[in-house]
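Participant: If you scroll down you'll find the structure; I have some questions about it.
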Amino acid sequence: LDGHRYLEIPIIAAYYHGYFAQSDPDADSHFRRLKMLVQEHAAAFSLAETHDLYLMAINFCIRRINRADEQYFREIFDLYRSGLQHGALLEDGILSRWTYNNIALTAMRLREFDWTKQFLTDFMPFLPETHREGAYNFNIARYYYDTGDYRQAMQHLLRMEYDDVLQNLAAKTILCKIYFELDEVDALENQLDSIQIYLRRKKVLGYHKENYTAIVRLMRKLLATGGSAQAGARLRREIEQAPVLTEREWMLRQLAPAGRSDKNRD
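This is the structure in structure tokens:
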């Protein structure tokens with residue numbers, strides 16, 4: 027089709043560029059054409075077509091992000107925003123809790139905090155009823171944590187037990203970070219014990235067990251450094267070399283000369 031007049035027809039061109047974007051994670055030019063076509067012509071496509079094309083573009087971004095190509099956080103955020111406007115991210119009028127989580131996390135990573143809070147409120151009614159309260163509380167807690175309102179974050183995190191194992195572990199980890207930064211040592215120790223018990227009881231396997239086991243172990247070591255430069259240097263190396271550790275950046279910040287996070291703790 028390359029160079030053929032069929033590519034002047036937006037829907038054909040969109041699927042053409044979408045095919046190459048799906049086939050080759052380095053096909054930047056095809057991705058950009060796909061993104062432009064779906065954003066400019068969504069009103070002319072069927073909702074099913076728009077949904078498919080947005081997923082192609084979003085999946086391309088995810089693969090690039092997984093290769094540490096951080097510019098694609100902004101690309102995927104643009105797609106999330108326009109996809110929501112076109113209704114392309116809903117299925118039968120429902121927004122999955124995983125999509126809701128991913129959109130919120132991306133927006134907060136980009137420090138789009140005002141947009142995030144509005145999104146969480148506006149799209150809460152589109153979540154499946156069984157997960158609505160849990161998904162909202164978890165994400166609004168992350169919002170309050172990232173904006174430094176720890177007390178509000180704790181209120182939402184402690185409000186309920188999440189039915190998803192990984193979401194529960196993520197919520198417990200945020201609580202640990204808050205307790206650490208507020209120097210609430212007893213509460214932190216209890217929460218770390220709670221994670222260990224939860225990992226055994228739920229039989230979390232593979233990557234996730236390795237990650238959360240490392241978080242517990244290294245957070246205990248953070249507590250034990252006692253301001254010692256030598257102990258801190260050893261722990262820094264251990265954190266840097268941990269093969270699986272989603273909280274690596276946060277832990278390294280706690281070892282920085284400036285000390286623990288300087289957030290609003292009221």
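Under my numbering, the first residue of the sequence shown carries the number 27, and numbering increases by one thereafter. Glycine included, each C-beta is placed from N, C-alpha and C at the ideal position. As the structure is a prediction and not an experimental result, all values here were calculated from the model.
Pop quiz: I166 and F145 are said to be a contact at Cβ under 8 angstroms. What is the actual Cβ separation, rounded to whole angstroms?
Facilitator: Locating residue 166 in the sequence shown gives position 140, where the first residue counts as 1. Locating residue 145 in the sequence shown gives position 119, where the first residue counts as 1. Approximately 11 angstroms separates the beta-carbon atoms of I166 and F145; this is outside 8 angstroms, ruling out the contact.
Participant: Nearest to A282 by alpha carbon, out of L261, I91 and A268?
Facilitator: For the purposes of this step, residue 282 is taken as residue 256 along the sequence shown, with counting starting at 1. Nearest option by C-alpha distance: L261.
Participant: Quick one: measure Cβ to Cβ for P151 and I120, integer angstroms, because I've assumed they're closer than 8 angstroms.
Facilitator: Counting from 1 along the sequence shown, the entry for residue 151 is found at position 125. Counting from 1 along the sequence shown, the entry for residue 120 is found at position 94. With a Cβ gap of about 10 angstroms, P151 and I120 do not count as contacting.
Participant: With H, G and I counted as helix, E and B as strand and the rest as coil, what does DSSP make of I120?
Facilitator: The count along the sequence shown starts at 1 and reaches residue 120 at position 94. Here I120 sits in strand by DSSP.
Participant: For G253, count neighbouring Cβ atoms within 10 angstroms of its own Cβ and tell me buried if that reaches 16, exposed if not.
Facilitator: As a first step, residue 253 must be located in the sequence shown, where it is residue number 227. G253 is exposed by the Cβ-count criterion.
Participant: Take L184 and list the residues in its own chain whose beta-carbon comes closer than 8 angstroms to its own, dropping the five residues that flank it on each side.
Facilitator: Walking along the sequence shown from the start, residue 184 turns up at place 158. Here L184 has L201 as same chain residues with Cβ atoms under 8 angstroms from its own Cβ, once five neighbours each way along the sequence are excluded.
Participant: For Y238 and R227, what's the separation of their Cα atoms in angstroms?
Facilitator: On the sequence shown, residue 238 is found 212 positions in, with the first residue counted as 1. On the sequence shown, residue 227 is found 201 positions in, with the first residue counted as 1. Approximately 14 angstroms between the Cα atoms of the pair.
Participant: Just the Cα atoms here: how many angstroms apart are I241 and E273?
Facilitator: Here residue 241 refers to the residue found at position 215 of the sequence shown. Here residue 273 refers to the residue found at position 247 of the sequence shown. So the two alpha carbons sit approximately 7 angstroms from each other.
Participant: Taking A197 as part of the alpha helix (DSSP H), name the residues at either end of that continuous run.
Facilitator: Along the sequence shown, read from residue 1 onward, the residue named residue 197 stands at position 171. Element bounds for A197: V191 to E207.
Participant: When the cut-off is 8 angstroms and only beta carbons count, does I84 lie next to chain B?
Facilitator: Protein chain content of the structure displayed is limited to a single chain, and chain B is not contained in it.
Participant: Smallest Cα separation from D209: which of A197, A250 and Y169?
Facilitator: The residue you call residue 209 lines up with position 183 of the sequence shown. Comparing Cα-Cα distances from D209 to each of A197, A250 and Y169, the minimum goes to A250.
Participant: From which residue to which residue does the alpha helix (DSSP H) around D54 run?
Facilitator: For the purposes of this step, residue 54 is taken as residue 28 along the sequence shown, with counting starting at 1. Annotation for D54: the continuous alpha helix (DSSP H) segment containing it runs D54 to H67.
Participant: Grab me the residues of M134's own chain with a C-beta within less than 6 angstroms of its C-beta, minus the 5 sequence neighbours each way, in chain order.
Facilitator: To locate residue 134, count along the sequence shown from 1; it is residue 108. Here the set comprises T142 and D172.
Participant: Going by beta carbon distance, what residues of the same chain come within less than 8 angstroms of L136, once the five residues before and after it are set aside?
Facilitator: Counted from its first residue, the sequence shown places residue 136 at position 110. Result list for L136: F99, R100 and F103, in chain order.
Participant: Is the beta carbon of H234 closer than 8 angstroms to that of L271?
Facilitator: The residue labelled residue 271 in the question sits at position 245 within the sequence shown. The residue labelled residue 234 in the question sits at position 208 within the sequence shown. No, the pair does not count as a contact, with Cβ atoms beyond the cut-off.
Participant: Less than 8 angstroms separating the beta-carbons of A83 and N127?
Facilitator: Residue numbering aside, residue 83 sits at position 57 when the sequence shown is read from its first letter. Residue numbering aside, residue 127 sits at position 101 when the sequence shown is read from its first letter. No; because the gap between Cβ atoms is not below 8 angstroms, this pair is not in contact.
Participant: Where does R90 land, buried or exposed, given buried means 16+ other C-beta within 10 angstroms?
Facilitator: The residue you call residue 90 lines up with position 64 of the sequence shown. Under this definition R90 is a buried residue.
Participant: For a quick check, are the C-beta atoms of Y80 and L116 less than 8 angstroms apart?
Facilitator: By 1-based counting over the sequence shown, the position of residue 80 is 54. By 1-based counting over the sequence shown, the position of residue 116 is 90. Cβ atoms of Y80 and L116: not closer than 8 angstroms.
Participant: Short check: CB of M180 to CB of E159, under 8 angstroms?
Facilitator: Within the sequence shown, numbered from 1, the residue matching residue 180 stands at position 154. Within the sequence shown, numbered from 1, the residue matching residue 159 stands at position 133. It is not a contact, given that the beta carbons lie outside the stated cut-off.
Participant: Candidates R243, E207 and L231: which alpha carbon is nearest S220's?
Facilitator: For the purposes of this step, residue 220 is taken as residue 194 along the sequence shown, with counting starting at 1. Among R243, E207 and L231, the Cα nearest to that of S220 is on R243.
Participant: Nearest-angstrom Cα distance between Q65 and Q256?
Facilitator: As a working note, residue 65 is residue 39 in the sequence shown. As a working note, residue 256 is residue 230 in the sequence shown. Just so you know, the alpha carbons of Q65 and Q256 end up roughly 54 angstroms apart.
Participant: Measuring only the C-alpha atoms, how far is T76 from A114?
Facilitator: In the sequence shown, the residue the question calls residue 76 occupies position 50. In the sequence shown, the residue the question calls residue 114 occupies position 88. Roughly 6 angstroms between the two C-alpha positions.
Participant: Taking all protein chains shown into account, do 16 or more other C-beta atoms lie within 10 angstroms of the C-beta of A196, making it buried, or fewer, making it exposed?
Facilitator: As a working note, residue 196 is residue 170 in the sequence shown. Flag for A196 reads buried.
Participant: Quick check on the burial criterion: 16 or more other C-beta atoms within 10 angstroms. Buried or exposed for E207?
Facilitator: For the purposes of this step, residue 207 is taken as residue 181 along the sequence shown, with counting starting at 1. That one is buried.
Participant: Got a sec? Which residues, its chain only, sit under 6 angstroms from Y170 by beta carbon, not counting five neighbours each side?
Facilitator: Residue numbering aside, residue 170 sits at position 144 when the sequence shown is read from its first letter. If we look at Y170 and ignore the five residues flanking it on each side, its Cβ neighbours are Q178 and A179.
Participant: Do you know offhand how far L248's Cα is from L214's?
Facilitator: Working through the sequence shown from its first residue, we reach residue 248 at position 222. Working through the sequence shown from its first residue, we reach residue 214 at position 188. Between L248 and L214, the alpha-carbon positions lie close to 11 angstroms from each other.
Participant: Can you name, in chain order, every residue of its own chain whose Cβ lies under 6 angstroms from the Cβ of N290, other than the five neighbours on each side?
Facilitator: As a working mapping, residue 290 is identified with position 264 in the sequence shown. For N290, the pLDDT reaches just 45, beneath the cut-off of 50, and the residue's location in the model is therefore unreliable, although a value from the coordinates is still provided. Only G174 meet the Cβ criterion.
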